[in-house]
Amino acid sequence: MIEYRNILDVKSELQQRVREWRNSDRVRMNMLASDLISEEQHRRWLASLADRPDRQIVRVAFFEGVPFGIITLKDIDRCSFRSDWGMYIGEECFLGRGLAKVMLFDLLVWAFEEEKLQRLYTSVLSDNAKAVALYLEHGFHFEGRFERHVRRESGELVDVYWLAVFADVWLEKKESLRSLLPTN
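Numbering (numbering that gives the first Met the number 0), first residue to last: 0 to 183.
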């Protein structure tokens, strides 16, 4: 259904499109750091991915050959078998199709079965209710909350939740989650 390619293996035009996605209001307002990313910052980030492929891997998601989002493992710690992670749908026309469920399922397969990690963790803004619900559905649990941790451009302070999931929990839920995935 969805195909993934390492961001370092796609054309520079698509690498720049990823920066445009990240800079869109819809995506960046759900990030802990919501600053606009300059071309130079993006170039340095891509270079860091090439320099340290053991620490972060970014994959571009394609649906029927069209790029629409990313999944990433970051701050990979192979000694403790853990990683932070992230994902987003960049192209608005791909929202509402159930693709976020597929992307998260695929990310968990990648992390736990291919990379052999044991723990995945992430942070999410407390007002991103759809993301929180999706993560909980996939076996994540709350590990903490930083109150009034991120200041929005409006001046509002938003809490940040910390969530994690373990490989054994994922394996217990995997087949029931697979049955919930869209088939087209």
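Heads up, the beta-carbon is just placed ideally off N, CA and C, and yes, glycines get one too.
Asked: Pick helix, strand or coil for N5, following the three-state DSSP scheme.; Found: strand
Asked: Going by Cα to Cα distance, which pick from V149, V164, R150 and L45 is closest to L103?; Found: V164
Asked: Quick one: what does DSSP say E39 is sitting in, helix, strand or coil?; Found: helix
Asked: Mind checking D167: buried by the 16 CB within 10 Å criterion, or exposed?; Found: exposed
Asked: Report the residue from H137, W84 and S23 whose alpha carbon sits nearest the alpha carbon of R177.; Found: H137
Asked: Kindly identify the DSSP beta-bridge partner or partners of H148.; Found: Bridge partners of H148: none, in fact.
Asked: In this structure, does DSSP put L48 in helix, strand or coil?; Found: helix
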